[in-house]
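> Here it is, the structure, as structure tokens.
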């Protein structure tokens, strides 16, 4: 009987929500991967449609405004062309509002300006209407059918559709920052699983209470049935809030890790501390990664009005500066030789990073893992403490 009680508790409280946690994390990881793949793919232009042949043209991206809707088909206006999108069995992601962008200066303040929310993931068949002019970002397989361009799913390659506000140059950063579950344990499988587990354990406890010889097992089963609610009782509730704080920090460092890796996605075989790297981005521009002394980075920061500084909480916590910085941008000829400017591609960034972004992202990942382990330890400590208290109280009440 003890084994049955433990199996029920483990299955409904740990196993099923745990499987759901891995599932939702993989889903959001796929979303971020699709957005990054989109940033590496070409933009749909008029010449692509005009010069293309019937059939599959490749994976493309575009931004535009909604023109019309017809069941599973929408039309968006992008630059000077109209493109249709087949949304049969597709999901639409709605980015949280970006209303505080004007408060941000040349140094990115992700924690302050980007909302601590996930994008809403909505099945297309649950969207009944959208206003004309809604800003949309689309990425996926592009086809030419009867002279018209259409995005549609092909060979398990899905069409990624994002509804956003603000500038299109914010889509990448906001998607990577927010595109992750706030708490993986609490997913679409968790409420039903916890309810089923609590009910099953309560029924087992009720049956065991009929036999005085199984009183201890009945108390354990009854205590476990109320375990999901007991975490909100003192003293465990204080550890629960500490767990939430630690998990939020872990999520922050995972997001910061991904943002720091963004500008290096164009380059292959990056050494520990490269002095200079160059790659061609989808718009055909030469995108560079250049190592700078701190004084030169400051000069670029002052001269380039569009340059953003992407720092790390690790540097703020250590309260120390770094000798080397890296600048990312498009290299163009200028009056006094080579200059660095903002790319035409809205998903390529003009950035200054204090320190090596690869090294910093690795440190962020380690920090996130540490906070996750601490959060899990605190959470289960609170559960065990409250479970012991509940069992003791029930033992006094049920003779």
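Residue numbers (this note's numbering): 6 to 404. Even for Gly, the Cβ is constructed at its ideal location relative to N, Cα and C.
#1: Please determine, among 92, 66, 59, the residue with the shortest C-alpha to C-alpha distance to residue 50.
#2: Going by beta carbon distance, what residues of the same chain come within less than 7 angstroms of residue 182, once the five residues before and after it are set aside?
#3: Using CA atoms only, rank isn't needed, just tell me which of 316, 226, 383, 241 is closest to residue 400.
#4: Nearest CA to the CA of residue 394: which residue from 356, 239, 358?
#5: I'd like to check one pair, residue 70 with residue 138: are the Cβ atoms closer than 8 angstroms?
#6: Report yes if the CB atom of residue 126 is closer than 8 angstroms to the CB atom of residue 168, and no otherwise.
#7: At the level of alpha carbons, what is the spacing between residue 31 and residue 286?
#8: Between residue 163 and residue 28, what straight-line distance do the alpha-carbon atoms span, to the nearest angstrom?
#9: Just the Cα atoms here: how many angstroms apart are residue 214 and residue 24?
#10: Which residues in the same chain have their Cβ closer than 8 angstroms to the Cβ of residue 42, if we skip the five residues on either side of it in sequence?
#11: May I ask you to report which of helix, strand or coil DSSP gives residue 337?
#12: Cβ atoms of residue 373 and residue 258: under 8 angstroms apart, would you say?
#13: Compare the Cα-Cα distances from residue 295 to each of 93, 96, 360 and report the closest residue.
#14: Under the three-state reduction of DSSP, which class applies to residue 346: helix, strand or coil?
#15: Alpha carbons only, please: which of 282, 299, 304 is nearest the one belonging to residue 292?
#16: Using a 10 Å radius around the Cβ and a threshold of 16 neighbouring Cβ atoms, would you call residue 200 buried or exposed?
#17: On a Cα-Cα basis, can you pick out the residue from 344, 350, 366, 347 that is closest to residue 320?
Taking the definition as stated:
#1: By one-based count along the chain shown, residue 50 stands at place 45. Minimum Cα distance to residue 50 is reached at 66.
#2: Sequence index remark: in the chain shown, residue 182 carries index 177 (1-based). Result list for residue 182: 115, 119, 260, 264, in chain order.
#3: Translated into positions along the chain shown, residue 400 becomes position 395. Comparing Cα positions, the closest option is 226.
#4: Stepping through the chain shown from its first residue, residue 394 is reached at position 389. Measuring from the Cα of residue 394, the nearest candidate turns out to be 239.
#5: Sequence index remark: in the chain shown, residue 138 carries index 133 (1-based). Sequence index remark: in the chain shown, residue 70 carries index 65 (1-based). The answer is yes: Cβ separation under 8 angstroms.
#6: Start at 1 with the first residue of the chain shown, and residue 126 comes out as number 121. Start at 1 with the first residue of the chain shown, and residue 168 comes out as number 163. Contact flag unset, no.
#7: Looking up residue 31 in the chain shown gives position 26. Looking up residue 286 in the chain shown gives position 281. When rounded, the distance between both Cα atoms is 27 angstroms.
#8: Stepping through the chain shown from its first residue, residue 163 is reached at position 158. Stepping through the chain shown from its first residue, residue 28 is reached at position 23. Spanning the two alpha carbons is a distance of roughly 17 angstroms.
#9: Your numbering for residue 214 matches position 209 in the chain shown. Your numbering for residue 24 matches position 19 in the chain shown. Their backbone Cα atoms lie some 33 angstroms apart in a straight line.
#10: Here residue 42 refers to the residue found at position 37 when the chain shown is read from its first residue. 64, 144.
#11: Start at 1 with the first residue of the chain shown, and residue 337 comes out as number 332. Residue 337: strand per DSSP, three-state reduction.
#12: Looking up residue 258 in the chain shown gives position 253. Looking up residue 373 in the chain shown gives position 368. The answer is yes: Cβ separation under 8 angstroms.
#13: Here residue 295 corresponds to residue number 290 of the chain shown, with the count starting at 1. When each option's Cα is compared against that of residue 295, the closest is 360.
#14: Stepping through the chain shown from its first residue, residue 346 is reached at position 341. Residue state, collapsed to three classes: strand.
#15: Here the question's residue 292 lines up with position 287 in the chain shown. When only C-alpha atoms are compared, the closest one is 282.
#16: Taking the first residue of the chain shown as 1, we reach residue 200 at position 195. Label assigned to residue 200: exposed.
#17: Numbered from its first residue, the chain shown carries residue 320 at position 315. With distances taken between Cα atoms, residue 320 lies closest to 366.
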